[in-house]
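Written below as structure tokens is the structure these notes are about.
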Amino acid sequence: MSTGIKDHAALSDIFNQDEARVDWHDETLWFVRAKRDKAANTLSEWEALRENASQIKDHVLSNLHDYLSEFESNAQKNGITIHWAADALEHNQIVHEILKAKEITRMVKSKSMLTEECHLNEYLQKNGIEVIDTDLGERIVQLAEEPPSHIVLPCIHKKKEEIGELFHEHLGTPKGASDPQLLTAAARVHLREKFLTRRAAITGVNFAIAETGEFVVCTNEGNADMGAHLSEVHIACMGIEKIIPKRANLSVFLRLLARSATGQPITTYSSHFRRPREGQEMHLILVDNGRTQQLGRADFRNALKCIRCGACMNTCPVYRRSGGHSYHTAIAGPIGAILAPNLDMKQYADLPFASTLCGSCTNVCPVKINIHEQLYKWRQVIVKEGYADPKKAIAMKAMEFTLSNPSVYRNAGKAGRWVMKNIPFLVNNKLNAWYNQRDMPTPPQQSFREWYKKNNNE
Amino acid sequence: MSSREEILARVKKNQPPLTVLPADLTALIQYPNPMEMFGIVLDGIGGTMYPVKDYEEMIGLIKTQFSNLPRVISTIPELKELTEKNWEGQDPHSYENVDVAIIEAHFGVAENAALWFTESLMGQRVIPFICQQLVVVVHKKDILSNMQEAYQQIADSSYGFGAFIAGPSKTADIEQSLVLGAHGPKNMTVFVLA
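Chains as they are written, first to last, in the UniProt record's numbering: chain A, 1 to 458; chain B, 1 to 194.
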């Protein structure tokens with residue numbers, strides 16, 4: 001999907017044209033959030049787990065150099081080939097080289113937000129390699145030629161009737177069929193054939209353990225395992241921040257991840273890959289792509305603690321009512337809005353403003369990232385660096401001038417009240433961005449200052 | 001400089017001052033009857049638990065539940081009479097038509113109904129994922145309360161591949177409607193041996 005130069009507000013307007021769909025989207029995600037609360041409440045140690053996970057991740061970031069080296073050397077001892085990629089392009093080239101060496105032109109891929117971030121599919125397709133996404137939600141958006149709109153629920157924006165239509169066109173299901181059971185069964189048959197015939201599989205990585213050199217992949221469908229265990233070549237792609245120190249630390253993260261994501265007690269499959277299968281090649285790519293830069297930004301580094309559960313999206317009043325595509329980046333929602341400006345402050349200058357700063361994201365984050373505080377801080381950095389929307393910048397400048405000059409402030413207030421009373425169409429029109437979603441209030445007769453002067457008899 | 005050296009150098013330069021790795025949590029959830037809790041949670045995620053007193057009782061149940069299915073395989077010696085012989089060691093793709101796979105778990109966990117397997121118990125890595133129905137055998141004494149106990153049990157054991165499996169393969173990607181059997185097993189039956 002090309003979003004051109006449209007920002008979050010403009011893209012949200014498109015999503016908001018269908019009010020019934022917005023309500024449905026909002027309610028569906030809130031339902032997932034409510035399941036998260038229920039799951040969290042089954043454990044009296046929930047808050048202790050969050051604090052523990054947060055501290056483990058803080059520690060990892062403070063010792064990342066040594067943990068990366070330790071992981072690399074242990075993984076190599078296990079027979080895993082380790083690659084390092086400075087950016088998205090190098091990551092994509094490494095994947096392509098591995099496939100070229102084995103003369104592989106068709107492959108399966110399970111969910112990996114990193115490969116979305118790197119636009120791997122587009123790169124490989126341009127180089128003549130077919131990639132089939134095997135997560136059901138990802139396959140659906142792939143057939144629709146759209147990016148995922150949510151990191152855990154990739155096609156949460158789609159109605160079952162639309163999916164039925166796509167499947168009718170691509171998989172030959174009966175026209176008009178939209179029963180999720182029937183559609184899933186059709187996808188099962190369609191994708192099983194891919195698993196059985198493709199020689200290479202890509203997976204993401206949820207956790208990589210420095211102590212043992214193994215990595216863990218979590219899915220509900222089993223698609224990562226179907227791909228990996230049937231392939232000659234398994235390529236796992238991970239951001240460098242996915243390291244954890246010890247295997248025992250997994251207990252904390254596996255208790256938090258699925259409960260935060262969907263309210264399940266754990267994902268169906270938590271697969272620990274330590275050595276390649278006999279006769280199989282196993283590659284792992286460690287990707288920077290802006291992460292080391294973010295590590296150096298003291299105010300923003302702890303966004304690197306994210307375990308990609310999506311809880312902040314499900315709870316966010318702005319995400320729920322604007323949809324994932326309005327964020328025009330691989331990772332939508334509050335966490336995406338603090339990760340994206342690190343990569344490109346200009347392109348993503350709008351995202352930290354797509355928030356009410358209500359703090360609900362921070363409250364549900366399983367690793368206690370201060371998401372709403374970072375949104376607020378990014379706004380300041382973006383305005384200071386000159387990347388703010390010009391309309392917003394001018395309004396801010398005018399506000400600053402008015403608020404720092406008492407006499408200007410008094411006169412502006414008077415003028416405003418007079419205009420709203422006598423010539424309301426001057427402000428009640430489309431040029432006033434504030435008026436777009438709101439009715440202007442009835443102007444008061446006097447300001448507080450005037451009232452106080454009149455009524456204060458001291 | 002290679003990307004490896006560049007990345008490591010940037011990490012070293014940008015990482016914050018060292019903080020301590022926190023100690024493991026204590027006083028985590030304990031269930032008075034872990035097996036009972038395991039059964040409740042398993043039911044909630046689409047699986048079924050049967051407590052059985054011995055293999056004989058289990059074999060009877062397997063015969064009634066999975067009769068008429070052509071391809072049943074197992075890694076458990078006690079179940080030899082029910083299953084295909086010499087199925088191990090083939091190309092993993094050849095298990096595509098396995099109807100039922102019966103494998104043993106090292107242990108189960110009550111808080112999430114997850115069971116821990118390493119590849120030595122699977123026969124082949126792909127088995128518990130590619131079969132149409134998965135049957136698991138676990139001993140009652142091996143049902144733990146929580147995941148911390150689980151990793152204490154796993155400790156520093158060596159395996160090439162290991163997995164927690166909790167219930168059948170599932171998806172809710174279409175309008176949050178839960179469907180069992182996304183790619184892998186459509187159901188999961190757990191026999192708990194007294």
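We treat Cβ as the ideally placed atom computed from N, Cα and C, and that holds for glycine. Since the model is a prediction, treat every value here as computed from it, not as a measurement.
A contact is defined here as three or more CB-CB pairs under 8 Å, and the stretch 117-136 of chain A fails this definition with respect to the stretch 305-323 of chain A. DSSP, reduced to helix, strand and coil, places T362 (chain A) within a helical segment of the structure shown.
Closest in C-alpha terms to E45 (chain A), from the list B:K170, B:Q148 and B:F191, comes B:Q148. Interface annotation, M238 (chain A): not in contact with chain B, CB-CB separation never under 8 Å. The contact set of I143 (chain B) on chain A, defined by CB atoms closer than 8 Å, is empty, because the minimum CB distance reaches about 14 Å. Among the residues of chain A, none has a CB under 9 Å from the CB of E36 (chain B); the nearest is roughly 15 Å distant. At least one C-beta of chain B is nearer than 8 Å to the C-beta of N52 (chain A). By the C-beta density criterion, M313 (chain A) is buried, having at least 16 other C-beta atoms within 10 angstroms. Look at G336 (chain A) here: in three-state DSSP terms it is helix.
Chain B has no Cβ within less than 8 Å of the Cβ of A20 (chain A).
Beta-bridge analysis with DSSP links H83 (chain A) to A:I285. For I29 (chain B), the chain A residues whose Cβ falls inside 7 Å of its Cβ are L43, S44 and E45, in order along the chain. When rounded, the separation of the alpha-carbon atoms in R417 (chain A) and N429 (chain A) is 16 Å.
Contacts with chain A (Cβ-Cβ distance below 9 Å) from the stretch 119-145 of chain B involve E119, Q124, R125, V126, I127, P128, F129 and I130, listed in chain order.
Using beta-carbon distances, Q148 (chain B) counts as an interface residue toward chain A, with a partner under 8 Å. Closer than 8 Å to the CB of L124 (chain A) there is not a single CB belonging to chain B. Contact between the stretch 247-256 of chain A and the stretch 198-205 of chain A is not established, with fewer than three Cβ pairs separated by less than 8 Å. For the pair D58 (chain A) and L28 (chain B), the Cα-to-Cα distance works out to about 22 Å. Between S149 (chain A) and G324 (chain A), the C-beta spacing is below 8 Å.
With the rule of 3 Cβ pairs closer than 8 Å, the stretch 97-104 of chain A counts as touching the stretch 230-242 of chain A. Neighbourhood of N289 (chain A) in chain B, by CB distance below 8 Å: empty, with the nearest CB roughly 10 Å away.
Annotated three-state conformation of I73 (chain B) is strand, per DSSP. Here T48 (chain B) carries a strand assignment [DSSP, helix/strand/coil]. DSSP, reduced to helix, strand and coil, places H139 (chain B) within a strand of the structure shown. DSSP places V100 (chain B) within a strand segment (E or B) once states are collapsed to three. Against S177 (chain B), the close residues of chain A are P180, in the order they occur along the chain (beta-carbon pairs closer than 7 Å). At least 8 Å separates the CB of Y348 (chain A) from every CB of chain B. Non-local C-beta neighbours of E161 (chain A) in its own chain, meaning closer than 7 Å and more than five positions away in sequence, comprise S178, ordered along the chain. Residue-level contact check: R71 (chain B) does not touch chain A, since none of the beta carbons of chain A fall below 8 Å from its beta carbon. M345 (chain A) carries a coil assignment under DSSP once its states are collapsed to helix, strand and coil. With a 10 Å radius around the Cβ and a threshold of 16 neighbouring Cβ atoms, I243 (chain A) comes out buried.
Under the 8 Å criterion on CB atoms, N92 (chain A) is classed as non-interfacial with respect to chain B. The beta carbon of S322 (chain A) sits closer than 8 Å to the beta carbons of H8, L11, S12, F15, N16 and A354 from its chain, once the five residues preceding and following it are set aside; these are given in chain order. Here the stretch 47-58 of chain B does not lie against the stretch 277-297 of chain A, with fewer than 3 beta-carbon pairs under 8 Å apart.
For M147 (chain B), the three-state secondary structure derived from DSSP is helix. Shown in chain order are the members of the stretch 1-13 of chain B whose Cβ falls below 9 Å from a Cβ of chain A: S2, S3, R4, E5, E6, I7, L8, A9, R10, V11, K12 and K13.
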